[in-house]
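What follows is a single structure, written as structure tokens, with notes after it.
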Amino acid sequence: MELRLMMLGFGRVAQGFSTLISINSERIQSRYGVSLRFVAVADRGGSVISEGGLDPLKLVQAKRLGGSLSAIPELGKPGMTPQELLETINAEILVDATSSNLKDGEPSLTYINEALTYGMDVITANKGAIARGLNRLRTTASIHGRRLFYGATVGGGTPILSFARDLELKEGISSIQGVLNGTTNYILWRMEDGLTLGEALAEAQKLGYAEENHSYDIKGLDTACKLIIIANSVLDKNLKLEDVYTKGIEDLTPKDLEKAKEGGYSIRLIGSLNSSGSAEVKPKEIPKADPLCVDSVNNAVKITTECGEYFLIGEGAGGRATACSLLRDLTTLIRERLKTVEN
Numbered sequence: 204m205e206l207r208l209m210m211l212g213f214g215r216v217a218q219g220f221s222t223l224i225s226i227n228s229e230r231i232q233s234r235y236g237v238s239l240r241f242v243a244v245a246d247r248g249g250s251v252i253s254e255g256g257l258d259p260l261k262l263v264q265a266k267r268l269g270g271s272l273s274a275i276p277e278l279g280k281p282g283m284t285p286q287e288l289l290e291t292i293n294a295e296i297l298v299d300a301t302s303s304n305l306k307d308g309e310p311s312l313t314y315i316n317e318a319l320t321y322g323m324d325v326i327t328a329n330k331g332a333i334a335r336g337l338n339r340l341r342t343t344a345s346i347h348g349r350r351l352f353y354g355a356t357v358g359g360g361t362p363i364l365s366f367a368r369d370l371e372l373k374e375g376i377s378s379i380q381g382v383l384n385g386t387t388n389y390i391l392w393r394m395e396d397g398l399t400l401g402e403a404l405a406e407a408q409k410l411g412y413a414e415e416n417h418s419y420d421i422k423g424l425d426t427a428c429k430l431i432i433i434a435n436s437v438l439d440k441n442l443k444l445e446d447v448y449t450k451g452i453e454d455l456t457p458k459d460l461e462k463a464k465e466g467g468y469s470i471r472l473i474g475s476l477n478s479s480g481s482a483e484v485k486p487k488e489i490p491k492a493d494p495l496c497v498d499s500v501n502n503a504v505k506i507t508t509e510c511g512e513y514f515l516i517g518e519g520a521g522g523r524a525t526a527c528s529l530l531r532d533l534t535t536l537i538r539e540r541l542k543t544v545e546n
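Mapping of the sequence shown onto this note's numbering: residues 204 to 546, in sequence order.
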């Protein structure tokens with residue numbers, strides 16, 4: 204079986220995903236009998252198209268030279284928008300790695316909805332689209348018999364959504380809390396060493412950890428969106444961003460971190476959610492020995508069920524971490540498509 208892939212966005216996450224596809228394509232072919240072919244990619248300058256297939260590593264190399272992929276000779280389409288690409292190219296799978304807009308989820312929300320309507324399965328890392336329009340997208344996917352995967356929207360490289368879904372199904376979840384934003388965790392961790400918020404943020408940006416709009420991280424909005432996605436997809440709620448009490452880390456100083464440290468605590472930005480749908484985001488003092496007191500860009504969640512407490516810890520920021528989640532979703536999608544064929 205051959206599956207044709209179209210990708211929207213070609214920043215760090217998409218480049219990491221393309222590299223992983225290049226590394227894993229033979230394994231996927233050997234294990235599942237499925238060959239993957241990139242037929243189109245769009246970035247901000249336009250699109251690049253090849254029905255015969257695009258080499259993912261060559262795309263990464265071209266992008267790192269600077270400019271748009273649309274400048275690639277013969278294959279590039281300068282100015283061709285994602286919307287036009289969706290209307291032009293036939294593909295089985297859309298991989299959406301566009302930047303998140305937490306205000307209304309656009310334009311990713313429209314791209315995903317149209318791809319599902321056109322008969323594509325969709326894998327996305329776009330938090331804004333899923334936080335703002337999950338129910339709408341689920342309905343569209345159901346109507347057209349398509350699949351929608353969004354594990355990469357929560358937890359970076361840590362499979363928080365699949366872990367939580369499994370626990371909710373088997374035991375029932377009473378509450379979830381944890382560090383859901385690797386960027387702010389890195390900043391707070393570095394502020395413990397005396398850096399100002401601005402200095403720690405600059406360091407995070409240099410390392411490729413911060414969101415394109417870093418205010419989403421600092422103000423706690425990114426964490427709030429992840430809580431919404433967990434609530435709506437795992438607990439079957441209908442939360443909106445406006446329903447989540449949100450306080451970020453913008454007012455914290457190195458002195459605040461130092462004072463907490465002297466008492467045996469660290470300050471971490473914690474997202475909390477209970478089974479009734481009540482959710483909040485705010486900085487909290489966490490005991491140093493607590494599993495939620497992770498360092499660097501790590502994420503950590505504690506899920507409480509009728510049977511006990513479960514912890515999941517893993518890398519929560521950076522292009523490669525999120526790209527790994529996209530790869531996991533792609534592999535799951537391939538397995539589901541194969542089951543459909545077998546049946």
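Where a beta carbon is used, it is the ideal one built from N, C-alpha and C, also for glycine. Here the structure is a predicted model, which is why all the values come from computation and not from measurement.
Within a 10 Å sphere around the beta-carbon of Q264 sit fewer than 16 other beta-carbons, which makes this residue exposed. In summary, F514 is exposed, with fewer than 16 beta-carbon neighbours lying within 10 Å of its beta-carbon over all protein chains present. DSSP, read as helix, strand or coil, puts Y412 in coil. With a minimum length of 4 residues, the unbroken runs of alpha helix (DSSP H) contained wholly in the region 353-429 fall at 363-373, 385-394, 400-409 and 418-421. Restricted to the region 435-516, the alpha helix (DSSP H) segments that are unbroken, complete and at least 4 residues in length are 457-465, listed in chain order.
DSSP places T222 in the helix class (H, G or I) of the three-state scheme. Here A492 is exposed, its C-beta having fewer than 16 other C-beta atoms within 10 Å.
Selection A344, H417, V500 and S478 evaluated against G322 yields A344 as nearest (Cα-Cα). In the structure shown, A300 falls within a coil segment according to DSSP collapsed to helix, strand and coil.
A distance below 6 Å between beta-carbons, with the five flanking residues on each side excluded, links G270 to no residue of its chain. By DSSP's assignment, I252 forms a beta bridge with A243. When the five nearest sequence neighbours on each side are left out, the beta carbons in the same chain lying within less than 7 Å of the beta carbon of E371 are those of V437 and L438, in order along the chain.
About 6 Å separates the Cβ atoms of L223 and A526, confirming a contact at the 8 Å cut-off.
Beta-bridge annotation (DSSP): L351 is paired with V325.
P362 and K330 have their C-alpha atoms spaced approximately 15 Å apart. With contacts defined as CB atoms closer than 8 Å, R335 and D307 qualify as a contacting pair. Within the DSSP bridge table, the entry for P281 names G249 as partners.
Listed in chain order, the non-local C-beta contacts of E453 below 6 Å within the same chain comprise I421, local neighbours out to five positions each way being set aside. The criterion of a C-beta distance shorter than 8 Å is satisfied by L272 and V251.
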